[in-house]
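Here the structure is laid out as structure tokens; the discussion comes afterwards.
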Amino acid sequence: MSMSAWSVIRTIAKRELAAYFESPVAYVFLVIFLLLAGFFTFTFGGFFDRGEASLASFFGWMPWLFLFLVPAVGMRLWSDERRLGTMELLLTLPVTAWQAILGKFLASWAFLAIALVLTFPVVITVNVLGNPDNGVIVCGYIGSVLLAGAYLALSCMTSAMTRNQVISFIVAVMLCLVLILVGFTPVTDLLSRWAGPGLVEVAAGFSVLTHFDGLQKGVIDSRDLLYFLSVMVFALFTTGVIIRGHRAG
905 MSMSAWSVIR TIAKRELAAY FESPVAYVFL VIFLLLAGFF TFTFGGFFDR
955 GEASLASFFG WMPWLFLFLV PAVGMRLWSD ERRLGTMELL LTLPVTAWQA
1005 ILGKFLASWA FLAIALVLTF PVVITVNVLG NPDNGVIVCG YIGSVLLAGA
1055 YLALSCMTSA MTRNQVISFI VAVMLCLVLI LVGFTPVTDL LSRWAGPGLV
1105 EVAAGFSVLT HFDGLQKGVI DSRDLLYFLS VMVFALFTTG VIIRGHRAG
């Protein structure tokens, strides 16, 4: 990637990220995310009942928490541009489609990363109360950022498909839900009743839960990293195909 191409992507990303914080919606999202993360961790996650210094109760809920929150962030990425008619204007500028896609995606991903960074009080709490393995916690955060990126890329793709933000949101939630359920234990148990273990294992291999599980436990496996990056690349490539189709049309 040339320096000039990267500078264009960086400019778009900065503009998009700044636009988030010019709107009260961003602050509402951050507050909702932090409240829900705290609620799931300390109430449903049984943080104090576990009797161990770990953030397993925090990271365990992340795939489900992001299921609705990430598509809510990604649904406006391209549907807004299409609805307002600014996509045509954007694509007539000396900017390639992939530069615009990558710039917008990186801005939204950075916003989600900021939301995760703001959960630092949970890390402080667990360190005050006990002696956790902070290496495992760091791995959990890396996994959470990758998980958010995978969901966001799919939301980016659905956003390019329609002018309607609500439709984009619903389709993105459904796609992300499928990626959860193919590795969700009750579903794999059900599958194993009529399918062979090999088929169940292959299906589970497509699940975000399968690959997020190792990372939240502190194991960085190249196959898990490759999975999340593959989902992102595939979804963003598909977004590019859809946008080029709009341009040609």
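Heads up: the sequence shown begins at 905 in the working numbering, then just goes up one per residue.
Just so it is clear, CB atoms sit at the ideal spot from N, CA and C, and this is done for glycine as well.
Just so you know, these numbers come straight off a predicted model, no measurement behind them.
Euclidean distance between Cα positions of residue i and residue j
i, j, result
"S1012", "T1089", "31 Å"
"A960", "V1030", "11 Å"
"T1092", "L1083", "12 Å"
"G1122", "L939", "25 Å"
"R919", "V1027", "31 Å"
"C1060", "S1096", "33 Å"
"V1145", "S1063", "13 Å"
"I936", "A1019", "10 Å"
"G1118", "P998", "42 Å"
"A1017", "L1050", "10 Å"
"Y1045", "F970", "13 Å"
"L973", "A930", "11 Å"
"F943", "P1025", "13 Å"
"I1071", "L1081", "15 Å"
"D984", "S958", "41 Å"
"L1130", "G1053", "13 Å"
"D1128", "M1136", "13 Å"
"L981", "F963", "26 Å"
"V977", "L1056", "8 Å"
"W910", "S1126", "26 Å"
"T1000", "K1008", "13 Å"
"G1158", "I1147", "Residue 1158 falls outside the range modelled here, since the chain spans only 905 to 1153, and no answer is possible."
"R914", "G1100", "48 Å"
"C1043", "Q1120", "6 Å"
"F1138", "L1033", "42 Å"
"F1002", "I916", "Per the sequence shown, residue 1002 should be read as Trp rather than Phe. Computed Cα separation, rounded: 12 Å."
"L1058", "M966", "17 Å"
"W968", "Q1069", "21 Å"
"L1140", "L1133", "10 Å"
"T1142", "S908", "24 Å"
"F933", "V1021", "14 Å"
"L1006", "G1047", "20 Å"
"I1074", "M979", "9 Å"
Three-way DSSP call (helix, strand, coil) for residue i in this model
i, result
"R914", "helix"
"V1123", "coil"
"V1086", "coil"
"S927", "coil"
"L959", "coil"
"S1059", "helix"
"T1066", "coil"
"M979", "coil"
"S1111", "coil"
"F951", "coil"
"A1099", "coil"
"D1037", "coil"
"G1118", "helix"
"G964", "coil"
Contact between the stretch 936–948 and the stretch 1112–1124 (3+ Cβ pairs under 8 Å): They do not touch, by the three-pair rule.
Segments assigned alpha helix (DSSP H), at least 4 residues, entirely inside the stretch 997–1034: DSSP runs (the alpha helix (DSSP H)) wholly in the stretch 997–1034: 1001–1021, 1024–1033.
Continuous alpha helix (DSSP H) assignments of at least 4 residues falling wholly in the stretch 1125–1152: Runs found: 1126–1152.
Three-pair Cβ contact test at 8 Å for the stretch 920–933 versus the stretch 998–1017: Yes, they touch.
Three or more C-beta pairs below 8 Å linking the stretch 1036–1045 and the stretch 1099–1108: Cβ pair count under 8 Å is below three, so no.
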